[in-house]
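S.K.:
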Amino acid sequence: MIGRLVATALVFAGAMPAMAGDLMVTIAGVSDAPGAIHIGLYDSDETFRDPDRAVGFHWVPAAPGRVQATFSDVAPGLYAVMAFHDADGNGSMNRFLGMIPTEGYALSKDPEVSGPPPFSESAFTVGPGGAAIEATLKY
Numbered sequence: 014m015i016g017r018l019v020a021t022a023l024v025f026a027g028a029m030p031a032m033a034g035d036l037m038v039t040i041a042g043v044s045d046a047p048g049a050i051h052i053g054l055y056d057s058d059e060t061f062r063d064p065d066r067a068v069g070f071h072w073v074p075a076a077p078g079r080v081q082a083t084f085s086d087v088a089p090g091l092y093a094v095m096a097f098h099d100a101d102g103n104g105s106m107n108r109f110l111g112m113i114p115t116e117g118y119a120l121s122k123d124p125e126v127s128g129p130p131p132f133s134e135s136a137f138t139v140g141p142g143g144a145a146i147e148a149t150l151k152y
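Each residue of the sequence shown is one higher than the one before, counting from 14 in my numbering.
#1: To which residues of the same chain is phenylalanine 61 closer than 6 Å at the C-beta, ignoring the five residues directly before and after it?
#2: Relative to the C-alpha of alanine 86, which candidate in Val68, Arg79 and Ala96 has its C-alpha closest?
#3: For phenylalanine 97, does the three-state DSSP call read helix, strand or coil?
#4: So, with DSSP's three-state summary, where would you put phenylalanine 132?
#5: Between which two residues does the beta strand (DSSP E) holding leucine 120 run?
#6: Does DSSP put valine 19 in a helix, in a strand, or in coil?
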C-alpha cells in the first residue's frame, strides 16, 4: 500500500510545472548620457537579438554606473540577455553602416564578439529559485 502511494506521488510530482523564480539583471558601466537602458530577455538562438521576440523586456532610466531590472516568474531554463543604452530615445540601437553599434550594448556573460553574437555565448541557466546576473555595457 505504501509503495503504491509513493509511486502515485512520484507520478504527480513529475507532472507538476517547475517553479518560476525572479531574475535580477544588473547592467554596469552605464555612461552619464541621457536616455534609457533597454534590457531584453531571450530563450533561444532563433529569438536572440530580436526585440520583438524577447520573452521579457524592461526600459530603465539611464543612470551613471549601474541600473537593475527584475524579471518576475521566469521559468527554469536557458536564457540570454542583451541590453543597450538608447541615449537618443529613438527606441532602437543605432548602428554604423547598419552593423556596428554606436550606442552602448551589453550581453550576458560579457563575451568578446566581432559579429552578431550567438545565443550560446551569452546563455546562462535560471533555476527554480531564480538567478542574478551582471553584464557590462561596451561603448
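Even for Gly, the Cβ is constructed at its ideal location relative to N, Cα and C.
A quick note: this is a predicted structure, and the numbers were derived from the prediction, not measured.
M.R.: So, from the listed chains and residues:
#1: Tyr55, Ala93 and Phe132
#2: For clarity, residue 86 is aspartate in the given sequence; the question names alanine instead. Out of Val68, Arg79 and Ala96, Val68 has the C-alpha closest to the C-alpha of aspartate 86.
#3: strand
#4: helix
#5: Taken as a continuous stretch (DSSP letters only), the beta strand (DSSP E) holding leucine 120 covers 118 to 120.
#6: Residue placement at valine 19 cannot be trusted, given a pLDDT of 44 that sits under 50; the coordinates are not used to answer.
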